[in-house]
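Single-structure report; data block below.
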Amino acid sequence: MVKHNKKVKVEYKQKSYIYIPLFENNSLEVRALKLTKLLEGTRVIKYSGDLDIDIEGIDYDSRRILKNYLFICIRGSFSDGHDFIDKAIENGAIAVITEKAVERDDIIVVQVENSRITMPVIAANYYEYPTNKLKLIGITGTNGKTTTTYLIRSILEHAGKKAGLIGTIFTCAGDTRVESSRTTPESLELQSFLHDMVSSGLEYSVMEVSSHSLEFGRVDQCAFQIGVFTNLTQDHLDFHGDFANYRNAKEKLFYKTNKANIINIDDEHGKIICNRLKNLEVPLITYGIDNKADIMAKDIEINDDGIRFRLITSDYEIVVKSSIPGKFSVYNSLAAACVAYVEGIDKEIICRGIEEVGFVPGRSEVLSLGKPYKIIIDYAHAPDGLENILKAIKHYAKGRIITVFGCGGDRDRTKRPIMGEIAGRLSDYSIITSDNPRSEDPNAIISQIEEGIKTTNCDYICIENRKNAIRHAMMIAKASDIILLAGKGHETYQVLKDKTIDFDERVIVRELLKEGV
């Protein structure tokens, strides 16, 4: 084992993960492996130099390269790792993985067909295939991934199991957690986190699996025990092109499992996936409310205190309660219960795990304000997510629903008028504002949202500055009104054209209250 004494700066938000172990007891301790060992299972076109050397670390970001590291050149959307070979060498790289033919005599060069496909293999070799020693549960779908992972982890911990979590908000185990910058980490970070979970004695890891991670191969070389499909609605079509490609990306998860696949049969895409999976040897378990399924929810009650329903399996029936209101909450609870059922966890523990999960940051999160109105923060940033949370609120709202929302820049533009129509149809008053505009003009995004809201009878206003939009909502709110701040959720930043600024809506609301709003 080798310990580096060079300090590594840790940064989060929109920046990529910094390549360090997750847990302090493993702090910056890395293994030295022969390059030949790391290349096992990869497709090498040609190489130059001695492959029988020790590699003490791996990275695809030249800025994080240390002495005796392997640098993997990845072609990205905005940059090409091949352009940073000199910087990697300067920082201590002794070998490089490339897709292009690179002639150099100052470093070992290994040319492969595809660096992205090669990287997960190298990462798994380096970290000794941690998912062979860990029970990995993957959840994919457009909505519900985050909450479902929290519910599953809560049930497992109530059953006395040690479980880690990898997802949109945090990668964590116990009280140790690392802030996430994307739903599913890049393969190097992912294998590192999983290795640290094994080293720390965890039995399970519950992971959100994004369509991007499946398409880019980030979860290649991960052996999943259980795969879960929540739903598929409009999102990321700027990347996938159409629903068929989006669904096909999600479906890849279910060919990586070895114990069970769990599918929401009420979802039209879930039905398609079920039909395509029925000949697999891995057992297929369906769940639903409206269609006949292996595990079902019946006698559903939804109010402002949460949900209550009868969980029906082939072995038992039991009443389940959750403090998160909405039909979507029933589906999330069902998905988690299915996983627990497969794992043979007692029904009473399943109920306790769901009931005592607490709130999930930025998911139907109610702020305690001491005001006669209520503010709810939710990550809803796609049409279905926005419709689900608004329908849930409408179920119990006694006053007006005031919705503050926008749409992200450099993402699927077709969903903007759709979200405008949804907000207008289900809100009493809407405030269209900026989300993460990125490189786009925020006012142009707002105009596209307006196209949809104009088709409804909803009163609305456009306020580009998000803090001012929240201020306006709080100023007009009356007793029993509910303000929904949609789109940002757990995020503590806002991505503008030329910078990323701190923007935590919880903090913003407290600041406005101090100002007397």
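In the numbering used here, the protein residues as written are 493 to 1009. Even for Gly, the Cβ is constructed at its ideal location relative to N, Cα and C.
Taking C-beta atoms as the reference points, Val-720 and Asn-750 fail to come closer than 9 Å. If you look at Gly-798, you'll find it in the beta strand (DSSP E) that goes 798-804.
Judged by DSSP secondary structure, Asn-756 falls within the beta strand (DSSP E) whose first and last residues are 749-756. Val-831 is a Cβ neighbour of Ile-754, given a cutoff of 9 Å.
Asn-560 sits in coil when the DSSP states are folded into three classes, being neither helix nor strand. With contact defined as three or more Cβ pairs closer than 8 Å, the segment 706-721 and the segment 663-672 are not in contact. Comparing C-alpha distances from Asp-904 to each of Ser-919, Ser-646, Arg-930, Ile-599 shows the shortest one belongs to Arg-930. Under the 10 Å beta carbon count, Thr-925 is surrounded by 16 or more other beta carbons and is classified as buried.
In the structure shown, Ser-705 adopts helical secondary structure according to DSSP, grouped into three states. Take the alpha-carbon of Thr-906 and the one of Gly-944: they are about 11 Å apart. Pairing His-982 with Asp-544, the inter-Cα distance amounts to about 46 Å. A distance below 9 Å separates the beta carbons of Ala-655 and Ala-665. Secondary structure note for Leu-882: it is in no beta strand (DSSP E), and the uninterrupted alpha helix (DSSP H) holding it is 875-888.
Excluding five sequence positions before and after Val-999, none of the CB atoms of its chain fall closer than 7 Å to its own CB.
Cβ neighbours of Ser-821 within its own chain (closer than 6 Å, five residues either side excluded): Ile-799, Ser-814. Note: Ile-893 is bridge-paired with Ile-974 in the DSSP secondary-structure output.
In this structure, the beta-carbon distance from Ile-867 to Ile-881 does not fall below 9 Å. Thr-641 sits close to Gly-659, with the two beta carbons spaced by under 9 Å. Comparing C-alpha distances from Ser-697 to each of Ile-631, Leu-626, Ser-691 shows the shortest one belongs to Leu-626. The beta carbons of Asp-807 and Asn-783 sit no closer together than 9 Å. Our two residues, Tyr-823 and Thr-805, have alpha carbons roughly 15 Å apart in a direct line. Here the segment 602-613 makes no contact with the segment 692-707; the two share fewer than three CB pairs at distances below 8 Å.
Residue pairing by DSSP places Asn-795 opposite Gly-798 in a beta bridge.
Residue environment analysis places Lys-970 among the exposed positions, since fewer than 16 neighbouring C-beta atoms fall within 10 angstroms of its C-beta.
By the neighbour-count criterion, in which a residue is buried when 16 or more other Cβ atoms sit within 10 angstroms of its Cβ, Lys-790 is exposed. As summarised for the segment 882-966, the continuous alpha helix (DSSP H) elements at least 4 residues long and confined to that stretch are 907-918, 934-945, given in chain order. Taking 8 Å as the upper bound for CB-CB distance, Leu-1005 and Leu-861 are in contact here, some 7 Å apart.
Between Thr-534 and Val-604, the alpha-carbon positions lie close to 8 Å from each other. According to the DSSP assignment, Arg-567 belongs to no alpha helix (DSSP H), since it is labelled neither H nor E. Sorting Gly-836, Asp-990, Glu-1007 by C-alpha distance to the C-alpha of Leu-648 places Gly-836 at the top.
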